[in-house]
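Reading through the structure tokens given below for one structure.
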Amino acid sequence: MITKILSTARHFLETNLSMTSGDVVMDILLMLVIALVAIGVYYVAKGVLYFVEILVEKTPTTWDDDLITYRLMRAVAQLAPAIAVNHMLPTLFVESPVTQHWAKIFTTFYILWAIVHLLVVLTGNIYTALYHRGKLRRYAVKGVFQMIKLVLIGVGVVVGASILVGKSPTAILTAIGASAAVLMLVFKDTIMGLVASVQLTANNMLRRGDWIVASTHGIDGEVEDVSLTTVKVRNWDNSISTIPPYSLISDSFRNYQAMRDLGGRRVERNILIDVNSVRFLSPQEIAELKEHGRLEGISEEKIASGINVQLLRYSLEHFLTHDNRVNHKMLTMVRQMAPTATGLPLQLYFFTHSTGWKDFERVQSDIMDHVYALTREFGITMFQSPSGTDIKDRL
Numbered sequence: 008m009i010t011k012i013l014s015t016a017r018h019f020l021e022t023n024l025s026m027t028s029g030d031v032v033m034d035i036l037l038m039l040v041i042a043l044v045a046i047g048v049y050y051v052a053k054g055v056l057y058f059v060e061i062l063v064e065k066t067p068t069t070w071d072d073d074l075i076t077y078r079l080m081r082a083v084a085q086l087a088p089a090i091a092v093n094h095m096l097p098t099l100f101v102e103s104p105v106t107q108h109w110a111k112i113f114t115t116f117y118i119l120w121a122i123v124h125l126l127v128v129l130t131g132n133i134y135t136a137l138y139h140r141g142k143l144r145r146y147a148v149k150g151v152f153q154m155i156k157l158v159l160i161g162v163g164v165v166v167g168a169s170i171l172v173g174k175s176p177t178a179i180l181t182a183i184g185a186s187a188a189v190l191m192l193v194f195k196d197t198i199m200g201l202v203a204s205v206q207l208t209a210n211n212m213l214r215r216g217d218w219i220v221a222s223t224h225g226i227d228g229e230v231e232d233v234s235l236t237t238v239k240v241r242n243w244d245n246s247i248s249t250i251p252p253y254s255l256i257s258d259s260f261r262n263y264q265a266m267r268d269l270g271g272r273r274v275e276r277n278i279l280i281d282v283n284s285v286r287f288l289s290p291q292e293i294a295e296l297k298e299h300g301r302l303e304g305i306s307e308e309k310i311a312s313g314i315n316v317q318l319l320r321y322s323l324e325h326f327l328t329h330d331n332r333v334n335h336k337m338l339t340m341v342r343q344m345a346p347t348a349t350g351l352p353l354q355l356y357f358f359t360h361s362t363g364w365k366d367f368e369r370v371q372s373d374i375m376d377h378v379y380a381l382t383r384e385f386g387i388t389m390f391q392s393p394s395g396t397d398i399k400d401r402l
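Per this note's numbering, the sequence shown starts with residue 8, numbered consecutively.
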């Protein structure tokens with residue numbers, strides 16, 4: 008049908024305007040007719056694809072809404088007129104081989120551009136569809152999809168250049184190879200970012216939503232986005248830090264996501280005991296502790312030692328091992344550290360079920376409040392530096 012329209016237009020120009028094939032004016036008028044036909048084909052294709060888009064939106068599934076978008080339909084519509092023009096070219100400009108040659112080159116170049124644009128949009132839509140389905144939400148593969156787009160564009164540039172200059176893609180690549188050093192300098196961050204993104208993904212080192220700490224870069228927060236050249240982190244003070252992916256590979260960083268996944272966050276707190284308060288408890292004091300349930304779960308053999316700091320340690324171990332807020336699948340212990348100039352450290356080492364910051368701090372504080380209150384019942388004095396009140400009481 009399109010060929011028939013162009014034949015009719017050419018016949019009209021030849022009979023009514025006394026033009027002949029090969030005439031420059033006739034070639035220009037034919038180009039205008041071709042442009043009008045191409046515009047018409049574009050809008051017809053766009054209208055048809057618009058109804059396809061409406062049908063997709065009405066389907067019960069949602070993945071096709073992300074895959075078949077307006078941008079994709081527009082990219083397909085842009086390809087339609089080029090295919091139509093390419094189909095018409097063999098019958099046009101027969102008497103003007105130069106015009107036909109250049110028209111063929113530009114049409115082929117436009118088809119290549121439209122195909123590359125279509126594939127780039129489709130790649131982005133595939134990533135969006137998988138991301139919204141939760142398949143890739145936690146993985147740092149955005150950089151991989153970005154690299155696929157760059158490869159498509161790179162192939163398009165090489166093939167497009169070969170079409171315009173009339174050389175093979177191999178010859179174009181050979182010419183590019185001569186300037187490889189310059190290209191490596193220009194695309195240094197992109198290349199290093201690709202390698203780093205592949206390493207981060209393959210080794211499962213970093214995902215979106217992970218809590219990471221990179222002290223050398225002042226980063227302490229949650230990963231919001233991982234792209235080809237940038238890792239975006241929202242710090243706990245709500246500031247945003249960006250860092251190249253290869254910096255996380257070359258420098259060390261700490262990822263707390265494993266702690267979240269395992270459901271156990273560590274507490275490692277010391278209480279400083281005044282060594283002068285370490286002593287043997289009297290039978291009456293031991294009886295009072297038993298009456299208040301402070302020696303529950305401790306064998307009589309251990310109680311017989313009567314050392315207050317030792318009984319406190321056993322009591323704290325029993326308390327932690329029976330507290331539902333503590334993760335009992337992980338190591339729990341109370342140990343005595345080497346004495347220091349600031350007292351005798353008694354360390355509580357355990358893991359809480361709560362891994363969120365607010366809940367973790369609340370559980371940790373509640374447990375330590377109990378520990379501080381419990382020490383006085385065992386006749387133990389906590390060590391602290393003298394204050395003005397202490398000096399006043401002494402005087």
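C-beta atoms are modelled at their ideal positions from N, C-alpha and C, and glycine is treated no differently.
Keep in mind that this is a model prediction, so the values were computed, not measured.
Burial state of residue i (16 or more Cβ within 10 Å)
i, result
"Phe385", "buried"
"Ser392", "exposed"
"Phe58", "exposed"
"Val343", "Going by the sequence as given, residue 343 is Gln instead of Val. Exposed, since its Cβ has fewer than 16 Cβ neighbours within 10 Å."
"Gly29", "Residue placement at Gly29 cannot be trusted, given a pLDDT of 49 that sits under 50; the coordinates are not used to answer."
"Ala82", "buried"
"Phe287", "exposed"
"Thr223", "exposed"
"His299", "exposed"
"Arg215", "buried"
"Gly54", "exposed"
"Val189", "exposed"
"Met340", "exposed"
"Tyr77", "exposed"
"Thr69", "exposed"
"Asp217", "buried"
N-terminal and C-terminal residue of the alpha helix (DSSP H) that residue i is part of
i, result
"Tyr321", "315 to 328"
"Val378", "364 to 384"
"Tyr356", "Run containing Tyr356: none in the alpha helix (DSSP H); it sits in the beta strand (DSSP E), 351 to 359."
"Arg214", "Arg214 -> no alpha helix (DSSP H), and no H or E assigned at all."
"Met266", "264 to 269"
"Ser222", "Segment: none, Ser222 is in no alpha helix (DSSP H) and carries neither H nor E."
"Met256", "It should be noted that the sequence gives Ile, not Met, for residue 256. Residues 252 to 257."
"Ile310", "307 to 310"
Limits of the beta strand (DSSP E) - the one that residue i falls within
i, result
"Asn242", "238 to 242"
"Gln291", "Note, Gln291: premise wrong, no beta strand (DSSP E); alpha helix (DSSP H) at 290 to 298."
"Glu275", "272 to 280"
"Met340", "340 to 343"
Pick from the options that is closest to residue i, judged by C-alpha positions
i, options, result
"Val205", "Val341, Met154, Lys195", "Met154"
"Leu235", "Thr197, Thr382, Val128, Thr177", "Thr197"
"Val282", "Val316, Glu275, Ala294", "Val316"
"Met38", "Trp109, Lys65, Thr76", "Trp109"
"Thr208", "Ala52, Val238, Asn277", "Val238"
"Ile314", "Ala84, Ile387, Asn93, Thr181", "Ile387"
"Leu125", "Phe113, His139, Lys156", "Lys156"
"Phe116", "Tyr138, Val172, Leu79, Thr135", "Val172"
"Asp227", "Asp258, Asn211, Val202, Tyr263", "Tyr263"
"Gly167", "Tyr134, Asn211, Phe113", "Phe113"
"Ser372", "Ala265, Ile219, Arg301, Val333", "Val333"
"Leu279", "Val378, Tyr49, Arg301, Tyr321", "Val378"
Residue i beta carbon near the ligand FAD (any heavy atom closer than 7 Å)
i, result
"Asn315", "Among the components of this structure there are no ligands whatsoever, and the ligand FAD is therefore not found."
Decide yes or no for the touch test of the region 246 to 254 against the region 354 to 374: beta carbon pairs closer than 8 Å, at least 3 of them. The region 246 to 254 makes no contact with the region 354 to 374: fewer than 3 CB pairs, one atom from each, lie closer than 8 Å.
For the 8 Å Cβ check, are there 3 or more pairs between the region 361 to 377 and the region 305 to 322? Contact fails: fewer than three Cβ-Cβ distances are below 8 Å.
Please confirm if the region 269 to 281 is in contact with the region 230 to 245, defined as three or more CB-CB distances below 8 Å between the two stretches. Fewer than three pairs of CB atoms, one per stretch, sit closer than 8 Å, so the region 269 to 281 makes no contact with the region 230 to 245.
What runs of the alpha helix (DSSP H), each 4 residues or longer, lie entirely inside the region 65 to 100? If we require 4 residues or more, the alpha helix (DSSP H) runs fully inside the region 65 to 100 come out as 70 to 74, 77 to 95.
Do three or more CB pairs link the region 44 to 51 to the region 85 to 94 at distances below 8 Å? Remark: three or more beta-carbon pairs, one from each stretch, lie closer than 8 Å, so the region 44 to 51 and the region 85 to 94 are flagged as touching.
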